[in-house]
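Visitor:
2 protein chains.
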Amino acid sequence: MIDGFMLTKEKIYIEAARLFQEKGYAAASMRDLADRLELRPSSLYSHIRSKENLLEKICFENAERYGALMQECLALELTAAAKVEYLLRQHIRIALKHPTSITVFNDEWRHLPPVSLKRFIGMRKVYEENFCTLLSQAMQEGHFRSFDPLLVLNTLLSSLLWLHRLDARATLPKEDAVIDLLLYGLRST
Amino acid sequence: MIDGFMLTKEKIYIEAARLFQEKGYAAASMRDLADRLELRPSSLYSHIRSKENLLEKICFENAERYGALMQECLALELTAAAKVEYLLRQHIRIALKHPTSITVFNDEWRHLPPVSLKRFIGMRKVYEENFCTLLSQAMQEGHFRSFDPLLVLNTLLSSLLWLHRLDARATLPKEDAVIDLLLYGLRST
DNA sequence: GTCTATAACTTGATAGAC
DNA sequence: GTCTATCAAGTTATAGAC
């Protein structure tokens, strides 16, 4: 599953993400990681710098993924409302495509060392501000109902955070149904 | 803030919840906890049994809170749709009233020891099944649109999980606005 | 690039004096 | 019920042989 032609370094990153997902960053040890890769703990350090650096790689890889998504989205010739829907659809696809990595990104970033933590929070702030601006525009354009944009942002993004936690056995949720529920609501009246 | 007439034991439970919330269970040490209470680490053990037991207390206190909520809700003379709305409103109030305890309950339960973990997951399963049944009934009664009930359950419950993470400085979100957004959706058309 | 050995430190928890 | 002292185990990471 993790095999084929793959550098030891790449195997370490992949298995680290799985381990951090399963046990959480703080409860995961480098011995656990080495065991899963059938290596001695010390051998890991020929390929990677530190446990913290593994977390940094995972968190920033995904922070940049979302940053790139936002830039791409803002460049589209769409209404603000359509851009928001586009972002939500991409959030769903990313969560289903990279569940392991995204779980670590979402749940373990607070264990980043101080300098990285600050940068990470800064990147998230930029993303959220852009998202909020789109929501405000869509409300002004009349496509969205008027709400506190921050409340909408938090509710929408939060509502998708179960997707990356699904285990492999679960039937995949339908992207269209999630979008429909968020945009048109649960009530029939 | 934590003072007044309060047993050392109670202070320990409260400060433990804060500590687990801030650093996560695995990254929080009994030395941290003792420092905050101006005690030596060994003194804690005159009042509590173990670190794990602190987590058990916090998790099951809240599991029982939700269990009681569900029983109370099911006994109400309301339509299924009204019961769902009632549950959502109570979820919001609980999250805003007990943010610390609920954060630990939501984010740290996986660190429960095996026997407790199994019981905890069982209690959650019962709660979710009851919730799902109400959603199905409300759809059959025509008050809610037809969706996969499990998708709706996950999306609704997940959408509220940002509420308990708000720091004290944030302006409190309006319960009615959150409910309105979930029930009637974001789109104006 | 893997290994053995180990340094340097932190962890949860206990023993026993007061 | 708090303290000092301490244990046994686990932690990340490095040194240096091969």
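Those sequence lines, one after another, are chains A and F. Using numbering that gives the first Met the number 0, the letters of the first sequence correspond one by one to residues 0 to 188. Using numbering that gives the first Met the number 0, the letters of the second sequence correspond one by one to residues 0 to 188. Just so you know, even glycine gets a beta-carbon here, dropped at the ideal spot from N, CA and C.
So, Thr-154/A versus Val-177/F, is the Cβ gap smaller than 8 Å?
Guide: In the first sequence, the residue the question calls residue 154/A occupies position 155. In the second sequence, the residue the question calls residue 177/F occupies position 178. Closer than 8 Å, so yes.
Visitor: Write down every uninterrupted run of the alpha helix (DSSP H) in the region 125-159 of chain A whose length is 4 residues or greater and which is fully enclosed by it, in chain order.
Guide: Entirely contained in the region 125-159 of chain A, the alpha helix (DSSP H) runs reaching 4 residues are, in chain order, 148-158.
Visitor: In angstroms, rounded to a whole number, what distance separates the CA positions of His-90/A and Leu-156/F?
Guide: As a working note, residue 90/A is residue 91 in the first sequence. As a working note, residue 156/F is residue 157 in the second sequence. Computed Cα separation, rounded: 18 Å.
Visitor: Buried or exposed: which applies to Lys-82/F, given that a residue is buried once 16 or more other Cβ atoms fall within 10 Å of its Cβ?
Guide: To locate residue 82/F, count along the second sequence from 1; it is residue 83. The residue in question, Lys-82/F, is buried, as its Cβ has 16 or more Cβ neighbours within 10 Å.
Visitor: Output the distance between the C-alpha atoms of Lys-173/A and Tyr-44/F, rounded to the nearest integer angstrom.
Guide: The residue given as residue 173/A occupies position 174 in the first sequence. The residue given as residue 44/F occupies position 45 in the second sequence. Computed Cα separation, rounded: 50 Å.
Visitor: Using DSSP with H/G/I as helix, E/B as strand and the rest coil, what is Arg-186/A?
Guide: Residue 186/A sits at position 187 when you count from the first residue of the first sequence. The answer is strand: DSSP assigns Arg-186/A an E or B state.
Visitor: Let me know if Ile-120/A comes out buried or exposed under the rule of 16 or more other beta-carbons within 10 Å of its beta-carbon.
Guide: One-based indexing of the first sequence puts residue 120/A at position 121. Flag for Ile-120/A reads exposed.
Visitor: Arg-164/F to Phe-4/A, Cα distance in whole Å?
Guide: For this step, residue 164/F is matched to residue 165 along the second sequence. For this step, residue 4/A is matched to residue 5 along the first sequence. Computed Cα separation, rounded: 43 Å.
Visitor: Can you give the beta carbon distance from Phe-130/F to Ala-137/F, rounded, assuming they're within the 8 Å contact cut?
Guide: The residue labelled residue 130/F in the question sits at position 131 within the second sequence. The residue labelled residue 137/F in the question sits at position 138 within the second sequence. That belief does not hold up - the Cβ atoms of Phe-130/F and Ala-137/F are roughly 11 Å apart, past 8 Å.
Visitor: State the DSSP-derived secondary structure class of Pro-235/F, mapped to helix, strand or coil.
Guide: Nothing in the structure corresponds to residue 235/F, since chain F is present only between 0 and 188.
Visitor: Excluding the five sequence neighbours on either side, which residues of its own chain have a C-beta within less than 7 Å of the C-beta of Gln-20/F, listed in chain order?
Guide: For the purposes of this step, residue 20/F is taken as the residue at position 21 of the second sequence. Closer than 7 Å at Cβ, skipping near neighbours: Thr-99, Thr-102 and Val-103.
Visitor: Could you list which residues in chain A have their beta carbon closer than 8 Å to that of Asp-147/F, in chain order?
Guide: Start at 1 with the first residue of the second sequence, and residue 147/F comes out as number 148. Pro-172, Lys-173 and Ala-176, listed in chain order.
Visitor: In three-state DSSP terms, what is Phe-4/A?
Guide: Sequence index remark: in the first sequence, residue 4/A carries index 5 (1-based). In the structure shown, Phe-4/A sits in coil (DSSP, three-state: anything other than H, G, I, E or B).
Visitor: Give the interface partners of Thr-102/F over in chain A, defined as CB-CB distance under 9 Å, in chain order.
Guide: Within the second sequence, the letter at position 103 stands for residue 102/F. Correct list: empty, because the minimum Cβ distance to chain A is about 12 Å.
Visitor: Do we get a CB-CB distance below 8 Å when we pair Trp-161/F with the residues of chain A?
Guide: Stepping through the second sequence from its first residue, residue 161/F is reached at position 162. Yes, its Cβ sits closer than 8 Å to a Cβ of chain A.
Visitor: In whole angstroms, give me the CA-to-CA distance for Cys-58/F and Glu-140/A.
Guide: As a working note, residue 58/F is residue 59 in the second sequence. As a working note, residue 140/A is residue 141 in the first sequence. Taking the straight line joining both Cα atoms gives about 45 Å.
Visitor: Less than 8 Å between the beta carbons of Ile-126/A and Met-69/A, yes or no?
Guide: Taking the first sequence and counting its residues from 1, the one referred to as residue 126/A is at position 127. Taking the first sequence and counting its residues from 1, the one referred to as residue 69/A is at position 70. Note that residue 126/A is Tyr in the sequence shown, not Ile. Contact: yes.
Visitor: What residues from chain A crowd round His-46/F, counting only those whose CB sits closer than 8 Å?
Guide: Mapped onto the second sequence, residue 46/F falls at position 47. Result: empty, since nearest Cβ-Cβ is about 25 Å, beyond 8 Å.
Visitor: How is Gly-66/A classed by DSSP in three states: helix, strand or coil?
Guide: By 1-based counting over the first sequence, the position of residue 66/A is 67. Gly-66/A falls in the helix class under three-state DSSP.
Visitor: Would you say Leu-181/F lies against chain A (beta-carbon separation less than 8 Å)?
Guide: Here residue 181/F refers to the residue found at position 182 when the second sequence is read from its first residue. True, the Cβ-Cβ gap to chain A drops below 8 Å.
Visitor: Mapping DSSP to helix, strand and coil, what is Ser-115/A?
Guide: Within the first sequence, the letter at position 116 stands for residue 115/A. Helix.
Visitor: Please look up how many angstroms separate the CB atoms of Ala-25/A and Ala-25/F, rounded, as I've assumed it's under 8 Å.
Guide: Sequence index remark: in the first sequence, residue 25/A carries index 26 (1-based). Sequence index remark: in the second sequence, residue 25/F carries index 26 (1-based). Going by Cβ atoms, the distance from Ala-25/A to Ala-25/F rounds to 4 Å, so yes, they are a contact pair.
Visitor: Is it buried or exposed, Asn-52/F, if we count other Cβ atoms within 10 angstroms and call 16 or more buried?
Guide: Position 53 of the second sequence, counting from 1, holds the residue named residue 52/F. By the neighbour-count rule (16 or more Cβ atoms within 10 Å), Asn-52/F is not buried but exposed.
Visitor: Looking at C-alpha atoms only, which residue of Arg-123/A, Ile-47/A, Pro-148/A and Tyr-85/A is the closest neighbour of Lys-10/A?
Guide: In the first sequence, residue 10/A corresponds to position 11, counting from 1. With distances taken between Cα atoms, Lys-10/A lies closest to Ile-47/A.
Visitor: Please go through the same chain and pick out, in chain order, the residues whose beta-carbon is closer than 7 Å to the beta-carbon of Leu-200/F, but skip the five residues on each side of it.
Guide: Outside the displayed range of chain F (0 to 188) lies residue 200/F, so it cannot be described from this structure.
Visitor: I'd like to check one pair, Leu-185/A with Val-114/F: are the Cβ atoms closer than 8 Å?
Guide: Numbered from 1 along the second sequence, position 115 holds the residue referred to as residue 114/F. Numbered from 1 along the first sequence, position 186 holds the residue referred to as residue 185/A. No.
Visitor: Of the choices Ser-145/F, Lys-96/F, Glu-63/F and Leu-180/F, whose alpha-carbon is the least far from that of Phe-146/A?
Guide: Here residue 146/A refers to the residue found at position 147 when the first sequence is read from its first residue. It is Leu-180/F.
Visitor: Scan the region 16-30 of chain A for residues whose Cβ lies nearer than 7 Å to a Cβ of chain F and list them as they occur along the chain.
Guide: Taking 7 Å as the Cβ-Cβ cut-off against chain F, the residues of the region 16-30 of chain A that qualify are Gly-23, Ala-25 and Ala-26.
Visitor: Residues in its own chain within less than 7 Å of Leu-95/F by CB, not counting five upstream and five downstream?
Guide: To locate residue 95/F, count along the second sequence from 1; it is residue 96. Cβ neighbours of Leu-95/F beyond the five flanking positions: Leu-162 and Leu-171.
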